[in-house]
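A quick write-up on the structure given underneath.
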Amino acid sequence: MAADPPGSQTNHERSRHWITDVQVSPGNSDPNCTFSARMFADDELVCDLPAIDSTRPLQWSGLLLCNVSPTSTLTLRLCKNIGDRPRYFNFPPYVISHADEETGEATLDEARKAILNDPISARHTLDADTLAIVIDGYRLGFRTLFIVCASLTAFAFFATLFLMPHISLKREDDKALKVQAKEELERKKEAKLRGLDV
1 MAADPPGSQT
11 NHERSRHWIT
21 DVQVSPGNSD
31 PNCTFSARMF
41 ADDELVCDLP
51 AIDSTRPLQW
61 SGLLLCNVSP
71 TSTLTLRLCK
81 NIGDRPRYFN
91 FPPYVISHAD
101 EETGEATLDE
111 ARKAILNDPI
121 SARHTLDADT
131 LAIVIDGYRL
141 GFRTLFIVCA
151 SLTAFAFFAT
161 LFLMPHISLK
171 REDDKALKVQ
181 AKEELERKKE
191 AKLRGLDV
């Protein structure tokens, strides 16, 4: 990104910037997918970057004029299409004033988010030692998550067991009701037998 030459007329609040190149790394080696992107300035769409197949580097070149202020933010939304199923990745907003003053370049370091978004892609770009560290990190993360979830589930079970109100189903006149029901049953049986005898 580069500002206009000093001789050009610009507004004090807003200045004109040229976006000359957008590059996303690391790329992807999956031959069945395409990538496209959209760029937003202050939440307004300023450019719809065309689709690129995965055999080419994820790089868009050209000139795009943006009238923005130093506090304006640029946001890049990357779209990965596999077949007809899109997956979107939103880079965090980037403030224009954070660009390098000499080169005009701005780098969004999103390696950690890229690994979380597509863990398998990291296998091709990392050396063996770093890959072992990443795999151990995932293993430790899942183990910790399992232990925390299992502990919370056990705690919730026992808390529910002790805090749930216990209601006794026994009544004071339980025995009397049982005797009465037995007598009623005997009377019905006798009535049936009498009916059969007649």
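Per full-length UniProt numbering, the sequence shown starts with residue 1, numbered consecutively. Glycine included, C-beta positions come from ideal geometry on N, C-alpha and C.
**Study point:** For threonine 73, the nearest candidate out of Val46, Lys189, Val95 (CA to CA)
**Key:** When each option's Cα is compared against that of threonine 73, the closest is Val95.
**Prompt:** Which partner residues does phenylalanine 35 have in the DSSP bridge list?
**Reply:** Paired residue(s): Ile52, Lys80.
Distance between threonine 160 and leucine 131 (C-alpha atoms, nearest Å):
Each residue's Cα considered, the two are about 43 Å apart.
Fill in: Anticipated Cβ contact below 8 Å, leucine 45 with alanine 37, distance rounded
Not a contact, Cβ separation roughly 11 Å.
* Asked: How is the alpha helix (DSSP H) around phenylalanine 155 delimited, first residue to last?
  -> Counting along the chain, the alpha helix (DSSP H) containing phenylalanine 155 begins and ends at 128-163.
| query | If you compare alpha carbons, which of Pro92, Phe40, Gly83, Val22 is closest to leucine 58? | reply | Residue Val22 is the option with its Cα nearest to leucine 58.
Q | Three-state secondary structure (DSSP) of residue 228 | A | Nothing about residue 228 can be read from this structure; the chain reaches only from 1 to 198.
### Query
Would methionine 39 be called buried (16 or more neighbouring beta carbons within 10 Å of its own) or exposed?
By the 10 Å Cβ count, methionine 39 comes out buried.
Fill in: The beta strand (DSSP E) enclosing phenylalanine 89, as first and last residue numbers
Its beta strand (DSSP E) spans residues 85-90.
- Query: Are threonine 34 and asparagine 81 touching if we call contact CB-CB under 7 Å?
  - Reply: Yes; because the gap between Cβ atoms is below 7 Å, this pair is in contact.
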